[in-house]
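Participant: When the letters of the sequence shown are read in order and numbered with our numbering, they come out as residues 34 to 379.
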Amino acid sequence: SLGIPEKNTVALLPQTIGGEKINYIILDDASDTTTAVTNTRKLIQDSKVDLILGTTTTPASLAMIDVAAESKTPMISLAASEAIIKPIDAKKTWVFKTPQTDAIMAAAIIDHMAKNGVKTLGYIGFNDAYGEGWYNEIKKNADRKNIKIVANERYGRNDSSVTGQTLKLVAAKPDAVLIGASGVPAVLPQKTLDDRGYKGKIYQTHGVANADFLRVGGKDVEDVMVYVGPIVVGGQLPDALPSKKVSVAFTKLYEDKYGQGSISAFAGHVWDAGLMLQKAIPVALKAARPGTPEFREALRDSLEGLKNVIGTHGVFAMSGSNHNGMDQRARVLAVVQNGDWKYVGR
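(1) Mind checking whether the beta-carbon of Val195 lies closer than 8 Å to any heavy atom of the ligand FAD?
(2) CB Arg329 to CB Thr106, shorter than 9 Å?
(3) How should Gln370 be labelled, buried or exposed, when 16 other C-beta atoms within 10 angstroms of its C-beta is the threshold for buried?
(4) Name the residue from Met359, Phe246 and Asp253 whose alpha carbon lies nearest to the alpha carbon of His302.
(5) With DSSP collapsed to three states, give me the class of Lys28.
(6) What does the alpha-carbon distance come out to for the pair Thr345 and Gly268?
(7) Look at the alpha carbon of Ile380 and the alpha carbon of Phe349, and state the distance between them as a whole number of angstroms.
(8) For Ile235, which of helix, strand or coil comes out of DSSP?
(9) Is the separation between the beta-carbon of Trp127 and that of Ala93 shorter than 9 Å?
(10) Please name the residue or residues paired with Ala214 in a DSSP beta bridge.
(11) Determine whether the beta carbon atoms of Gly189 and Asn149 lie at a separation below 9 Å.
(12) With DSSP as the reference, please indicate the residues paired to Arg187 in a beta bridge.
(13) Determine the contact status of Lys224 and Val203, defining contact as a CB-CB distance below 9 Å.
(14) Return the first residue and the last residue of the beta strand (DSSP E) that Trp304 is part of.
(15) Between the C-alpha atoms of Gln133 and Thr196, what's the straight-line distance to the nearest angstrom?
(16) For the beta strand (DSSP E) that contains Met108, what are its first and last residues?
(17) Kindly give me the distance between the Cβ atoms of Arg364 and Ser276, rounded to whole angstroms, as I take these residues to be in contact under 8 Å.
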């Protein structure tokens, strides 16, 4: 539900940039960390790529960093965790990312909870780097707003039951629950909470912002609150938000090819990477030819120097200390109503 929209978007990216033909090579890691590392080595050693785009999940992206840095190949991750790009050191200086960080979104979620009377919070997330990263950011922001975390549970991406974890959450009686998961597997805790009669507020992360989550979740995910990237509700956005025009245009392009309602946040992450490359590659070409270490270094430098790149998810302004470059314009609040995303505000 994440990788296919991303793969679909590659077919819409420019075939030439700065007068150079772009060759896109797509490998599937099946959300497996070992395969992601193997694929990265194959792309760098066999295909001699100038840039790695991906991967989708946080654990696999974190595992790929060593390979990219060792070969001095710039990498644009499509995963959420801030740990992918921070702290910037000798390795992470080669790594950038387009999705909003868990830190940016967690701050907004906790602020919304505080404004709406939430005093106690339950958490259930993936038992991997995605779930742990989200918990750490939520805990930091909950402490800031004096919200007490009364339950902290984990589950596997492929688990078929979370009954035990849910019983503990319900027993703790939190005012709200945050589910730190992505894609279709994020439906399971919410459905189980509903089945067990939980009546508090439920929040999800921006990792669920696609049609498959809505389709599989059905009535079980109605009224869930999610801070998402602007593209998810592009046509509903106020005209003053910079990403509206870009989001609406890309949504039309994508849905003309893949069908009405097929757009997802994950397609937008790849499109935004493409927008970055259209700015960065021409600059790098002034310094060196593709296929050389000098070009890869120049491409890294030009990515780091990007300013005011308006994408579907926000406005990117990179720097030596920030390889995501997003601000509050990268998040809007949506709720699921009648099986679709409804813009609520910012």
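Here a beta-carbon is modelled for each residue, glycine too, at the ideal position from N, C-alpha and C.
Quantities reported herein were computed from a predicted structural model and do not represent experimental measurements.
Facilitator: If we stick to the structure as given:
(1) For the ligand FAD, the structure offers nothing, since it holds no ligand at all.
(2) Their beta carbons are under 9 Å apart, which means Arg329 touches Thr106 by this criterion.
(3) Exposed, because fewer than 16 other Cβ atoms sit within 10 Å of the Cβ of Gln370.
(4) Residue Met359 is the option with its Cα nearest to His302.
(5) With the chain covering only 34 through 379, there is no way to say anything about residue 28.
(6) 12 Å
(7) Past the edges of the chain, shown from 34 to 379, lies residue 380, and the structure says nothing about it.
(8) strand
(9) No, the Cβ-Cβ distance between Trp127 and Ala93 is not below 9 Å.
(10) DSSP output for Ala214 lists no bridge partner at all.
(11) no
(12) Arg187 is bridged to Gly158.
(13) no
(14) Careful: Trp304 lies outside any beta strand (DSSP E), inside the alpha helix (DSSP H) at Ala298 to Leu318.
(15) 31 Å
(16) Met108 to Ser110
(17) The Cβ separation is near 11 Å, so there is no contact.
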